[in-house]
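Heads up: the sequence shown begins at 0 in numbering that gives the first Met the number 0, then just goes up one per residue. We put the beta carbon where it would ideally sit given N, CA and C, even for glycine.
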Amino acid sequence: MSTAKELDLVFGALGHETRRGILEDLRHGSKTVLELAAPHPMSLNAVSKHLKRLETAGFVRRTVDGSFHRIETDPRAMKAALKWMSFYAPFWTDNLTSLKTFLESDT
Numbered sequence: 000m001s002t003a004k005e006l007d008l009v010f011g012a013l014g015h016e017t018r019r020g021i022l023e024d025l026r027h028g029s030k031t032v033l034e035l036a037a038p039h040p041m042s043l044n045a046v047s048k049h050l051k052r053l054e055t056a057g058f059v060r061r062t063v064d065g066s067f068h069r070i071e072t073d074p075r076a077m078k079a080a081l082k083w084m085s086f087y088a089p090f091w092t093d094n095l096t097s098l099k100t101f102l103e104s105d106t
């Protein structure tokens, strides 16, 4: 399983709507930083900070071509998140089933 620090980076990166929006924007392929910044009502510097957080967590990688920075998704971080959630899925499923049974028996 991933380390606690890695998971903190992964789930922290997903904790802001702008970063989730950037990941959504990258679903269909790589984009430049300027293309990613366009739909967000914030400065280019602010978008760059969000991109750096996604890079640090392993969600995206950057390639530089002259003055253009191209961003693409990297599946490593999502794999870590899915692995962690899969490990705990039986716990949540069992507890939610128990809760459902309890609530239904009370009616």
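Inset, instruction - Indicate whether Thr72 and Val59 have their beta-carbon atoms separated by less than 7 Å. - result: yes
Inset, instruction - Compute the Euclidean distance between the alpha carbons of Ile70 and Tyr87, then round it to the nearest angstrom. - result: 31 Å
Inset, instruction - Put Thr17 into one of helix, strand or coil per three-state DSSP. - result: helix
Inset, instruction - Compute the distance between the beta-carbons of Ala56 and Leu8, then report whether it is under 7 Å. - result: yes
Inset, instruction - Using DSSP bridges, identify the partner residues of Lys30. - result: Ile70
Inset, instruction - Could you please give me the residues that DSSP links to Asp64 through a beta bridge? - result: Phe67
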